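Here's the structure we're looking at; comments come further down.
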Amino acid sequence: MVKYGSYKGVQRYWCKTCRRKFADNDALPGRRVPPEQVGAAVSMFYKGLSYQDIRQQMGQQYGFSPSKSTVYEWVTLYSRLAGRELSSDKPKVGDTWVADELVLKIDGENVWVWDVMDADTRYFLASYVSPTRTLRDAQIVMGRAYRTAGKAPQVIVTDRLRSYIDGIERAFGAHTKHVQSGGIRAEVNNNLSERLQGTIRERTKVMRGLQNRETAQAFLDGWVLDYNNFRPHESLGNKTPAEVAGALSPYRHWGDVAQLQDKRLTPRPIRARGLRDRAFRVKRIGL
């Protein structure tokens, strides 16, 4: 092994045996950036930082400013990979759930984001993006919550949207008691922590500027993973919702996820505003 110059301040080496170049920066084989830095960028994204803010923070902290498209690819790849790795554990949630919906603009059009959360553990059971607020939409999000929890709640609290009435009964049956009040927002104001209100505001920032519902749903799924698994709550004894719900994960943060071998996953291209469509292969990720 001999020194082989440097690039952007990082020493490179040449292996005479395998005739390959290596960088002395803790990056995994086949990647240019260490998992710690990749994970930091993904975490910043889900905290609501803009691409420009992420570039500045990365530059100050690590001396490296990834491009907007690079951060986008990291978020896309590792969110999907984390979703596959963490999807098998069923959270042990309570019997009272709360649901709500809010409106966002995606590419100039109004869409609705539906949420279902367990009141005891603060665990997000489902989040769903739809162009309408119909009975069918309510049934879909409740069905997703049911599959996540592996059971139906005894009580579910929603706002007074009429779509919930039949949607809940179709998803859970007549045994679930439906209480109509103020939904998640009322529960937040009365019982949950102010931290959660700030977290929901951060999510709105994450979804700003997305071009279509497919993109919005992909990033929403990643945000839910981040919220459930990587964000301790003071009101939960500084534990994450996943910890409280017993859905333990071997991953403590996005840096751990970024250490996984990305050959397990070939991401589908997703369109984002200001980025051209790209059909990239996994071997190109890890810039």
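Going by this note's numbering, the sequence shown wraps up at 345, each residue one higher than the last.
All residues carry an ideal CB built from backbone N, CA and C; glycine is no exception.
Small disclaimer: the values here were computed from a predicted structure and weren't measured.
Residues that DSSP places opposite residue i in a beta bridge
{"i": "residue 160", "result": "171"}
{"i": "residue 238", "result": "216"}
{"i": "residue 176", "result": "155"}
{"i": "residue 291", "result": "297"}
Residue span of the alpha helix (DSSP H) that contains residue i, given as start and end
{"i": "residue 96", "result": "93–104"}
{"i": "residue 282", "result": "271–288"}
{"i": "residue 193", "result": "193–207"}
{"i": "residue 149", "result": "Neither: residue 149 is in no alpha helix (DSSP H) and is coded neither H nor E."}
{"i": "residue 303", "result": "Note, residue 303: premise wrong, no alpha helix (DSSP H); not H, not E."}
{"i": "residue 229", "result": "221–230"}
{"i": "residue 313", "result": "312–315"}
Residues near residue i by beta carbon distance below 6 Å, same chain, minus five either side
{"i": "residue 185", "result": "173, 278 and 282"}
{"i": "residue 280", "result": "137"}
{"i": "residue 352", "result": "For the chain, the structure presents residues 59 to 345; residue 352 sits outside this window and is missing."}
{"i": "residue 179", "result": "151, 299, 302 and 303"}
{"i": "residue 315", "result": "136, 140 and 309"}
The beta strand (DSSP E) enclosing residue i, as first and last residue numbers
{"i": "residue 182", "result": "182–188"}
Cutoff 7 Å; reference residue i; Cβ partners in own chain excluding five residues on either side
{"i": "residue 202", "result": "184 and 186"}
{"i": "residue 251", "result": "Note that residue 251 scores a pLDDT of 36, beneath 50, so its modelled location is shaky and nothing firm can be said."}
{"i": "residue 113", "result": "123 and 124"}
{"i": "residue 198", "result": "186"}
{"i": "residue 296", "result": "290"}
{"i": "residue 304", "result": "149 and 150"}
Cβ-Cβ separation, residue j to residue i (assumed contact under 8 Å), whole Å
{"i": "residue 298", "j": "residue 287", "result": "6 Å"}
{"i": "residue 157", "j": "residue 216", "result": "5 Å"}
Beta-carbon contacts of residue i that lie in its chain and below 8 Å, excluding the five residues immediately before and after
{"i": "residue 169", "result": "161, 162, 163, 187, 188, 189, 271 and 274"}
{"i": "residue 118", "result": "none"}
{"i": "residue 311", "result": "97, 101 and 288"}
{"i": "residue 210", "result": "204, 229, 230, 231, 233 and 234"}
Closer than 8 Å to chain C by CB, residue i
{"i": "residue 155", "result": "Looking for chain C here will not work: only one protein chain is present."}
Worksheet item: What are the complete alpha helix (DSSP H) segments, minimum 4 residues, inside the segment 117–147?
Response: Correct list: 126–144.
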